[in-house]
Amino acid sequence: MLGFLLHALFASVLSSLSLALFSPFVTLRKVSYLGEALSHIAFAGIALALLLGLHLQLVTLIFVVGVALAITWLSRRHQLQEANAITIFLSVSMALGIVLISLRRGYTFDLANYLFGNVLLASPGEIWQLGILSAVNLAFIIFFFKELFYLSYNADMAEFFRLPVRAVDRAFIILLAANIVITLRAAGIILVSAQLILPAATAFNLVRRLDQAVAVSALVAILAAVGGFALSWWLNLPTGANIVLLEFLLYLISLAFRPKRGS
Amino acid sequence: MIKISGVTHSFDGNIVLEDIDLELAEGEFAAIIGPNGAGKSTLIKLILGFLPLQSGSIEIDGVPHHLWLRQNPMGYLPQTEEFDRRFPATALDLVLLGLAGELRIGRRFSKSHRQKALEALETTKTAHLASQQLGGLSGGELQRVFLARAIVSDSKYLILDEPEASVDLPGVQSFFELLKELNSQGKTIVTISHDLNILTSYCSFLICLNRTLHCHTQTELVNAEIIQKTFGETVRLIEKEY
Chain A
2 MLGFLLHALF ASVLSSLSLA LFSPFVTLRK VSYLGEALSH IAFAGIALAL
52 LLGLHLQLVT LIFVVGVALA ITWLSRRHQL QEANAITIFL SVSMALGIVL
102 ISLRRGYTFD LANYLFGNVL LASPGEIWQL GILSAVNLAF IIFFFKELFY
152 LSYNADMAEF FRLPVRAVDR AFIILLAANI VITLRAAGII LVSAQLILPA
202 ATAFNLVRRL DQAVAVSALV AILAAVGGFA LSWWLNLPTG ANIVLLEFLL
252 YLISLAFRPK RGS
Chain B
496 MIKISGVTHS FDGNIVLEDI DLELAEGEFA AIIGPNGAGK STLIKLILGF
546 LPLQSGSIEI DGVPHHLWLR QNPMGYLPQT EEFDRRFPAT ALDLVLLGLA
596 GELRIGRRFS KSHRQKALEA LETTKTAHLA SQQLGGLSGG ELQRVFLARA
646 IVSDSKYLIL DEPEASVDLP GVQSFFELLK ELNSQGKTIV TISHDLNILT
696 SYCSFLICLN RTLHCHTQTE LVNAEIIQKT FGETVRLIEK EY
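For the record, the sequence lines run as chains A and B. Offset between the first sequence (1-based) and our numbering: plus 1. Offset between the second sequence (1-based) and our numbering: plus 495.
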């Protein structure tokens, strides 16, 4: 029983932490809508894996990374507005997912676990995955901090000043997609994007430097994950929803500490 | 030296620049003038590699410009720069971007990079703003911080796109005094400007552009007739008091 609980707690903390580490960059680069879309696009990947009877996470990961790169390529090469490209792929992926699920008649699949997340289902293997993901995220942020900082500031100017931002941007998009797919079962399709935005939104109300914002985001995520898990244990409530609500509560509290503009 | 040969550029079939041939010697303080839509910004964007060349060639120091830009720092001050005013960066962070190309991927700025950035801020008289957040800077202060970023890498060239656009009138003169000082130290400067009074006072070389090149010569050789021809209408020179 204790081992089962610890697994669920680790899954909550690590999935929230992974997303929170990326959160300041997603917020500054204003790609939160892309994060939201990718979590929904994953639905088509899941449906495709189920239809083909292939490894669910691997197929979803390849599908989501492929679509994420297609969105950035389309908006850059064909001057299609990124928001429009995202909306097109989001709608088409959802439609594709529904058609593929319908084709797999007679198959019982608990979609609710993917829609809202369920940390209780986390296996030791998945906890290892989430742990490695958090470590990779942290290493990526530390190593490419300068590039990510100026990429978030203004990608065109960063490129003009000879920073290899295109390669870092591509790596960022691939890792963002990987974060969404790997945390999906713990965080949920519907709730994952909230965990990509709220920690940074809270952090930027409290601190003014990007490195500090990454640290505060991580702290917010850990607090909300532990609190959310405790609440779900005591009150028998869904963990993913608790985490999001606690992160929102922390965000509301942080508003009181928000520095005045220009000060 | 910047050498532009036979450059023609169009957007959606509309020719913006036509058969431009131009040579800019080292040490010049050149100004590009012309009416709105004359192709001034397009010419600058082509030199800086922001737009791909459709025809003709641009060479910097005898090397195709895209190769030169890949290997050398270029000083550039854009007319406007898109960024979130709440972005968590200080003036010093912004200036350090000018040195980012010197570092390998993944490497951090050293103490000497920071010192260099502070010196650039000192040159543009904004060292006291080094730790200020970008959102707290006025338009004029921001313009000087951008200038510090443009000169921090010690590029021999400095290209400016309407630097006076976001500076108040008294600030324009001191800004151009600063450019004049940089020019006297050997920097080749190319600037777009609408302020003919300022240009005739500070620039040594005038490029009159209105789709085609109307003149490219020493400032004192340009007369009202050439300027009028460039603008295609009657131009009134108004004496401004700074």
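Backbone N, C-alpha and C fix where the C-beta goes; we use that ideal spot for every residue, glycine too.
Taken atom to atom, the span from the alpha-carbon of residue 5 of chain A to that of residue 239 of chain A is near 16 angstroms.
Here the segment 144-157 of chain A makes no contact with the segment 83-100 of chain A; the two share fewer than three CB pairs at distances below 8 angstroms.
Distances from the alpha-carbon of residue 543 of chain B to those of B:524, B:566 and B:523 put B:566 closest.
With fewer than 16 neighbouring CB atoms inside 10 Å of its own CB, residue 256 of chain A falls in the exposed class.
Against residue 206 of chain A, chain B offers no close residue; the least beta-carbon distance is about 11 angstroms (beta-carbon pairs closer than 7 angstroms). Taking 9 angstroms as the cut-off, the Cβ atoms of residue 242 of chain A and residue 13 of chain A do not count as close. Beta-carbon to beta-carbon, residue 20 of chain A and residue 184 of chain A are separated by about 6 angstroms, close enough to satisfy the 8 angstroms threshold. Non-local beta-carbon contacts of residue 139 of chain A in its own chain, meaning distances under 7 angstroms to residues more than five positions away in sequence, involve 22 in chain order. Residues of the same chain with a CB within less than 6 angstroms of the CB of residue 149 of chain A, apart from the 5 flanking positions on each side, are 26 in chain order. In the three-state DSSP reduction, residue 520 of chain B falls in the coil class, being neither helix nor strand. Against chain B, the CB of residue 83 of chain A has no partner CB under 9 angstroms away; the residue lies outside that interface. For the set A:163, A:227, A:91 and A:193, the Cα lying nearest the Cα of residue 562 of chain B is the one of A:163. Burial of residue 170 of chain A is indicated by the presence of at least 16 other C-beta atoms within 10 angstroms of its C-beta.
Between residue 655 of chain B and residue 673 of chain B, the gap from beta carbon to beta carbon reaches 9 angstroms or more. At least one C-beta of chain B is nearer than 9 angstroms to the C-beta of residue 158 of chain A. Here residue 130 of chain A has 183 as same chain residues with Cβ atoms under 7 angstroms from its own Cβ, once five neighbours each way along the sequence are excluded.
Nearest neighbour of residue 121 of chain A by Cα position, chosen from A:11, A:252 and A:247, turns out to be A:11.
With respect to residue 612 of chain B, residue 594 of chain B sits close: the two C-beta atoms are nearer than 9 angstroms. By the Cβ test, the segment 203-217 of chain A is not in contact with the segment 60-70 of chain A, since fewer than three Cβ pairs between them sit closer than 8 angstroms. Residues of the segment 581-609 of chain B that bring their beta carbon within less than 9 angstroms of a beta carbon in chain A comprise 581, 582, 583, 584, 585, 588, 589, 591, 592, 593, 594, 595, 596, 597, 598, 600, 601, 602, 603 and 604, in sequence order. Listed along the chain, the chain A residues whose CB falls inside 7 angstroms of the CB of residue 571 of chain B are 161. Residue 178 of chain A and residue 568 of chain B have their C-alpha atoms spaced approximately 34 angstroms apart. In this structure, residue 702 of chain B lies near residue 528 of chain B, with their beta-carbon atoms less than 9 angstroms apart.
The beta-bridge partner set that DSSP reports for residue 710 of chain B consists of B:703. Across the set A:237, A:142, A:168 and A:16, the C-alpha of A:16 shows the shortest separation from the C-alpha of residue 128 of chain A. Taking 9 angstroms as the Cβ-Cβ cut-off, the segment 536-553 of chain B approaches chain A at 543, 544 and 545, given in chain order.
Chain-order list of chain B residues neighbouring residue 252 of chain A: empty, with the shortest C-beta distance near 16 angstroms, by a criterion of under 9 angstroms. With contacts defined by Cβ atoms closer than 9 angstroms, residue 524 of chain B and residue 652 of chain B do not form a contacting pair.
Residue 506 of chain B does not reach chain A, its nearest Cβ partner there being about 12 angstroms away, counting only Cβ pairs nearer than 8 angstroms.
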